[in-house]
Amino acid sequence: MKPCPECGSKNIYRYKEPVDAMGGYGPDLLPKLAPGFLKSAKLLPVVCIDCGYIRLYAAKETRYNLEDSKHWEQV
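Each residue of the sequence shown is one higher than the one before, counting from 1 in the numbering used here.
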């Protein structure tokens with residue numbers, strides 16, 4: 001996660017645990033990858049404190065659903 005790909009800074013922060021990829025008012029960032037019907041796929045946000053560049057990483061349990069999903073294709 002270090003250095004920042006935008007500015008090269010090593011002042012990088014990440015949230016301590018994954019958060020829901022689908023906000024109440026925003027788009028579903030990882031559609032059809034939730035582990036269950038009433039659950040949301042998870043993301044791990046990472047932020048550069050110097051330039052503000054934000055990266056979002058899919059959590060492990062979300063990534064495991066990619067290969068078997070009929071809604072996602074490998075590129």
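All C-beta atoms, glycine included, are put in the ideal place defined by N, C-alpha and C.
Worksheet item: Taking the C-alpha atoms as reference points, what is the distance between L33 and R63?
Response: In a straight line, the C-alpha of L33 is about 8 Å away from that of R63.
Fill in: Nearest-angstrom Cα separation, counted from P35 out to D68
Those two C-alpha atoms are separated by around 12 Å.
Item to complete: In the DSSP assignment, find the beta strand (DSSP E) that holds K60 and state where it starts and stops.
Response: Run containing K60: none in the beta strand (DSSP E); it sits in the alpha helix (DSSP H), 60-63.
Fill in: Beta carbon of K42 nearer than 7 Å to that of P18
yes
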